[in-house]
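Numbering (our numbering), first residue to last: 1375 to 1761. Note that the Cβ used here is the ideal one computed from N, Cα and C, for glycine as well. Only one structure is covered here, and it is reproduced in the block below.
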Amino acid sequence: MNTQELVALCNQQFNEKFGENPQKIVLSPGRINIIGEHIDYNHGFVLPAAIDKYICFAISKNDTADCNIISLDLKDEYHFKITDKIEPVSQNWVNYFLGVFNQVQDKIDSGFNIVFSSTVPIGAGLSSSAALECGFLFGLNHFFNLNLNKEQIAKMGQKAEHTFAGVNCGIMDQFASVFGKENHVIFLDCDTLDYQYAPADFGDYTLLLLNTNVKHNLQTSEYNNRRKECEAGIALIQSKYPEVKNFREATMEMVEDLKEEMGDVVYRRSKFVVGEISRIQELVKSLEKNDFENVGKLMTTTHYGLSKDYEVSCEELDFLVDNVLLEEGVLGARVMGGGFGGCTINLLKKTEVENVIEKLSKAYQEKFGIALTPYQVSVSEGTHFYA
Ligand code: GLA
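Set out below in structure tokens:
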């Protein structure tokens, strides 16, 4: 489904359910990340971009006390009153809305109707949850004059994830969804939230996503564990090197020096983080020089670090990366996002895309009996109203 069809569907269904046109349509995008994985919560840099896959919200204020939210994709609805006590509920998708609503409830003086649908696949590592949180808040910001700027929207989206979805995530996904810019990647300093846009131009090469269509249920608990392991790593570094504020200021020598004290797991996590923080800076320089070969190499190094040291990959993702790298014209590949399933991101010659999709789909089907879903995405604008 393309974006126009998505908007038309939400419009039409809103009309059917509520007997009028929606007052606004919000489009909130998913994101990719070129490099800088599991680095946002470690005070490093990341290089994400919003993509042309969206959650579409048809929204109206209804001048009653009733809030009605209808998910077309899940064929589910949720209803509550603006004065209700807001707490997490058993329907997972609802918690993203409630986690946002909870933060602004005292400023909401009317109910609203929402119909939403998505072309961001769920559980694919493209951050449908950030798109949901930020898109909803973007809509509320308009209707209830909340005067929130983009940074506040991103941070409140992240808070919803922490408090109502139980994922202690960093800021990358929400930031990318809100700040995305057409044909640009965002070089984001996760410490200061300073950012710069750089052209998403890969010359004769392009990015291709391959969705494993698996989502291992360790995702949330292991994500939160990684944060704790990194906290343990930086605490040990600081105990010996008190001048080090965070992982950005740590060096590989320090990590090696503390190898014994850290123990195997914390050592490998810390090694990955320090390596990844320096890789992203090198990758940005390579992009500026159009050195796509090196961009690809760095992406692949990241993959093996995420797989072996950070341990957030899985058999299906490793299989795709190992095999895609055997194909002509592929410069690099890696698991993208939180891990434990979802997509790989691949940098390859534009002319080889069809061949790679065909070969990998066949191999993946044969090996796992699962169909692979390829996505050729364009880099797009962040959360916005559909005019
Ligand atoms: C998830 C989180 C992000 C980030 C990535 C890994 O997508 O929501 O904050 O940590 O994993 O880079």
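Exercise for the section: Decide if Q1739 is buried, meaning its Cβ has at least 16 other Cβ atoms within 10 Å, or exposed. Expected result: exposed
Handout entry: Residues sharing a beta bridge with I1425, DSSP
Key = V1753
Exercise for the section: Assess, as a yes-or-no matter, whether the stretch 1537-1549 is touched by the stretch 1494-1508 under the definition of 3 or more beta carbon pairs within less than 8 Å. Expected result: yes
Handout entry: Contact shell at 5 Å, judged by CB to any heavy atom of ligand 1, ordered along the chain
Key = E1411, H1412, D1414, C1543, G1544, M1546, D1547, G1711, G1712
Problem - Boundaries (first-last residue) of the alpha helix (DSSP H) holding K1659 - result: Here the alpha helix (DSSP H) through K1659 covers 1633-1662.
Exercise for the section: Count the CB pairs spanning the stretch 1422-1434 and the stretch 1394-1405 that are closer than 8 Å, and state whether there are at least three. Expected result: yes
Handout entry: Pairwise C-alpha distance: N1416 and E1650
Key = 10 Å
Handout entry: Secondary structure of N1487, DSSP reduced to three states
Key = The answer is strand: DSSP assigns N1487 an E or B state.
Problem - 8 Å contact criterion, which N1585 and A1498 should meet: CB distance rounded - result: That belief holds up - the Cβ atoms of N1585 and A1498 are roughly 5 Å apart, short of 8 Å.
Problem - Completely contained alpha helix (DSSP H) runs for the stretch 1415-1478, where each covers 4 or more residues - result: 1466-1478
Handout entry: Where K1619 sits in the DSSP three-state scheme
Key = coil
Exercise for the section: Over the uninterrupted alpha helix (DSSP H) stretch that includes K1529, give me the two end residues. Expected result: First-last of the alpha helix (DSSP H) with K1529: 1524-1534.
Exercise for the section: Give the range of the beta strand (DSSP E) segment to which S1503 is assigned. Expected result: Per DSSP, S1503 belongs to no beta strand (DSSP E); it is in the alpha helix (DSSP H), 1502-1517.
Handout entry: Inter-stretch contact (C-beta, 8 Å, three-pair minimum) for the stretch 1659-1673 and the stretch 1637-1649
Key = Short answer: they don't touch.
Problem - C-beta atoms of V1494 and I1429 nearer than 8 Å - result: yes
Problem - Completely contained alpha helix (DSSP H) runs for the stretch 1589-1614, where each covers 4 or more residues - result: 1593-1614
Exercise for the section: Compute the Euclidean distance between the alpha carbons of E1394 and H1453, then round it to the nearest angstrom. Expected result: 19 Å
Practice task
Report all residues from its chain with a CB closer than 7 Å to the CB of K1619; omit the five preceding and five following residues, and keep chain order.
Solution key: none
Problem - Chain-order list of residues whose beta-carbon lies under 8 Å from that of E1690 (same chain, five-residue window excluded) - result: Around E1690: T1586, V1588, G1715, Y1738, F1742, I1744.
Practice task
Just the C-alpha distance for G1473 and H1558, rounded to the nearest angstrom, thanks.
Solution key: 30 Å
Exercise for the section: Look at K1633 and D1683 and say whether their C-beta atoms are less than 8 Å apart. Expected result: Remark: C-beta atoms of K1633 and D1683 do not approach each other more closely than 8 Å.
Problem - Cβ-Cβ distance between N1519 and N1598 below 8 Å - result: No.
Exercise for the section: Evaluate F1561 with the Cβ neighbour count: other Cβ atoms within 10 Å of its Cβ, from every protein chain shown; 16 or more gives buried, anything less gives exposed. Expected result: buried
Practice task
Output the boundary residues of the alpha helix (DSSP H) element that contains G1670.
Solution key: Membership of G1670 in the alpha helix (DSSP H) is indicated by the continuous run 1666-1678.
Practice task
Give the secondary structure of I1413 by DSSP, where H, G and I count as helix, E and B as strand, and everything else as coil.
Solution key: coil
Exercise for the section: Starting from the Cα of L1582, find the closest Cα among D1450, Q1532, G1670 and give me that residue. Expected result: G1670
Practice task
Find the nearest neighbour of F1576 within the set V1552, Y1760, I1408, K1736, judged by alpha-carbon distance.
Solution key: I1408
Exercise for the section: Determine the contact status of G1554 and E1755, defining contact as a CB-CB distance below 8 Å. Expected result: yes
Exercise for the section: Go ahead and label S1492 buried or exposed: buried means 16 or more other beta carbons lie within 10 angstroms of its beta carbon, across all protein chains shown. Expected result: buried
Practice task
Return the Cβ separation of T1725 and G1703 in integer angstroms, given the expectation that the two are a contact with Cβ distance under 8 Å.
Solution key: Yes, T1725 and G1703 are in contact; Cβ-Cβ is about 7 Å, under 8 Å.
Handout entry: Inter-residue spacing [alpha-carbon to alpha-carbon] between V1629 and T1757
Key = Distance between the alpha carbons of V1629 and T1757 is about 39 Å.
Handout entry: Residues near P1396 in its chain [Cβ-Cβ closer than 7 Å; skip 5 each side]
Key = Contacts found: N1385, F1388, A1432, I1433, S1434.
Practice task
For H1536, count neighbouring Cβ atoms within 10 angstroms of its own Cβ and tell me buried if that reaches 16, exposed if not.
Solution key: exposed
Practice task
Closer than 8 Å by C-beta to V1751: which residues in its own chain qualify, once you throw out the five before and the five after it? Chain order, please.
Solution key: Here the set comprises I1406, I1425, D1426, K1427, L1581, L1583.
Practice task
Within 10 angstroms of the Cβ of S1464, are there 16 or more other Cβ atoms? Answer buried if so, exposed if not.
Solution key: exposed
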